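Have a look at the structure below, then the notes.
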Amino acid sequence: MPRPRIIVKRGGVNDGSEFQGFRPTGETAQSDIPFAPRRTLTVNSRRCHNHRESCAGMPASACPDGGCDMTLSPDFRTDLATGVVDRDIYTSEKIFALEKERIFTRAWQYACTTRDLKKPGDFFTVSIADQPVLVVRGNDGEIRAFHNACTHRGAILTGERCGNQGQVLKCMYHAWAFDLKGDLVGVPYEEGYGPDFDRRAHGLKPVHCDTFHDLVFVALRPAVPSLTDFLGEMAEYLAPYVQGIEPIGRNSWIYHGNWKFWHENFRDDYHAEFTHRSIRDLLAGTTERGWNWGASPGHSVLQWAFPALDPPKYARSLQRFSGVDFSDGVMPVGWNSMLAEGEGGPPEGFEGGEPPEIRQEVLALFPNLDVQPGPKDTPRGMKAGYIQTVTPLGVDRARVDITVYSDIEDDEQTRQGLLENLADTQGSWGKLSCDDTEAAARCQIGVRGEGSRINLFTRGVAPGRGGEGADVRDEYSQREFFRVYQQYLRDES
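Sequential numbering of the sequence shown, starting at 16, is according to this note's numbering.
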């Protein structure tokens, strides 16, 4: 089928104005949704009209004509009012480079939990925008972060994900040693550097580090908003779930897709009924409703309530899902620690009647952190769940890291049940994550094509719909993500 004819209205050539808009016309148009205005994200008001794409993302001095400083293609277009997003954001190497520079070096990044760093010398490593970072607890109890690179020749101080370094961080290359505050304390044959060599000038380069209850965050840029300001309204939602928790297991895998596909998916309930067939079958005996909230700046909350339960139908669903006999209406202890009651027997409401409203929330933090606690009204719901991050490795490759956590007071049996649930549902082989991984890979293949150049996040923008509190299947959460995403990309500071 021929592509729609495009009519473009354009502003002045040298006045810094943007393309004002376009829409498909003629018989071949398949939708009455207007295409988004074309947006050009520029570092200054000038554009390189001679070189356009070839100069995108380059400093002004690098342009052969010495005048441009384009950051994105002039064809980049997105319109949050209509929920239209340009597919270039998933395939463009230039945009990906800009994301690393302007988002991942500026936004606070989750690193680990405080209980990953219980003792002095305990460390945890992460990679942010291709920069290795080391987080360590000092002898004074403080948690600090540094660039994981020796100040001598740049070798990383450790290649392990976590562990204990004792009292010093020692480079394996030339044995330069740093204390837990980052100060250089040991240089073999130091006299060879002469009398003017100053250890104080060669300590580890610090990285901003702060905690929110039991979560540790780091930020690369020297000047960033406080963690409190960054979390904004999300702090109120997040706080009940991240106090008194302890990591008990981790899982990681790499998928072939843009990092945003994974984070978008975590803000998306529209797919669950279709992509996760096993979970749909499990919930066949429930009546679900939910809501979709923004938590400025750029975060979002999905909420569900399960107000009605059909016990016989639910029991049959559980049996199909697990292979366990639930015909007597009793849920075996430890079968699924997210749903099971601690003393055995049916969950409240399983044998009929109207159970209390069971709320579950999924919290998505800009740009790449997701927290999924268990249902609130189950014994371990407030202090059991998953923490997920997606780390970009390339424009079409990303790594997912999942941490399962429990209450610090949970016994070994409970923790084992949580780990079994992790293995059963999360991970590249799990009932849920394998579905999402496949979806992301398929999306990455599709957006490379020329069939369409836009992705639609238009659910809930029709008159009388949308906004905060919208239906949980609406795409308000994704639009909130892209609202702040654009702000970061346009910020030239």
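A virtual CB, placed ideally from N, CA and C, is assigned to each residue, including glycine. Bear in mind the structure is a predicted one, so any value in this text is a computation, not a measurement.
The C-beta of Ile402 has 16 or more other C-beta atoms within 10 Å across all chains shown, which makes the residue buried. Nearest neighbour of Arg152 by Cα position, chosen from Gln180, Ser467, Asp451, Gly209, turns out to be Gln180. Distance check between Gln431 and each of Gly264, Asp194, Ile118 places Gly264 closest, using alpha-carbon atoms only. Here Ser267 is bridged, per DSSP, to Asp416. Residue pairing by DSSP places Ile104 opposite no residue, since no beta bridge is assigned to it. When the beta-carbon positions are compared, Ala170 and Tyr188 come within less than 8 Å of each other. Spatial neighbours of Arg282 in its own chain (CB-CB distance under 6 Å, excluding positions within 5 residues in sequence) are listed in chain order as Ser315, Ala379, Ser492, Gln493.
Per DSSP, the unbroken alpha helix (DSSP H) holding Lys275 starts and ends at 274–281. A contact between stretches requires three or more CB pairs, one per stretch, nearer than 8 Å, and the region 451–463 fails this requirement with the region 241–248. Shown here, Leu246 sits in a helix according to DSSP, grouped into three states. Exclusion of the five residues before and after Tyr208 leaves Val202 as the residues of its chain whose Cβ lies within less than 8 Å of its Cβ.
For the 8 Å CB-CB criterion, Thr128 and Val233 do not form a contact. Going by C-alpha positions, Lys115 is about 29 Å away from Tyr420. Taken atom to atom, the span from the alpha-carbon of Ala310 to that of Gly475 is near 17 Å.
For Ile118, the CB contacts under 8 Å within the same chain, skipping 5 residues up- and downstream, are Pro382, Tyr500, Tyr503, Leu504 in chain order. One thing to note: Leu149 has its Cβ within 8 Å of the Cβ of Thr173. Judged by DSSP secondary structure, Ser492 falls within the alpha helix (DSSP H) whose first and last residues are 491–505. Per DSSP, the continuous alpha helix (DSSP H) segment holding Ala455 begins and ends at 448–462.
Within the same chain, Cβ atoms closer than 7 Å to the Cβ of Glu495 are found at Gly309, Gly313, Ser315, the five residues on either side in sequence being excluded.
Rounded to whole angstroms, Val99 and Arg130 show a C-alpha spacing of 42 Å.
In the DSSP assignment, Gln403 forms a beta bridge with Asp385, Ile417. By the Cβ-count criterion, Thr404 is buried, with 16 or more other Cβ atoms from all chains shown falling within 10 Å of its own Cβ. Here the alpha carbons of Asn436 and Asp101 stand approximately 37 Å from one another.
Within a 10 Å sphere around the beta-carbon of Asp145 sit fewer than 16 other beta-carbons, which makes this residue exposed. Every beta strand (DSSP E) stretch that sits fully inside the region 140–194 and reaches 3 residues is listed by chain position as 146–152, 158–162, 177–179, 183–185, 192–194. Straight through space, the alpha carbons of Lys133 and Ile110 are spaced by roughly 39 Å. According to the DSSP assignment, Thr128 belongs to the beta strand (DSSP E) that extends over 124–128.
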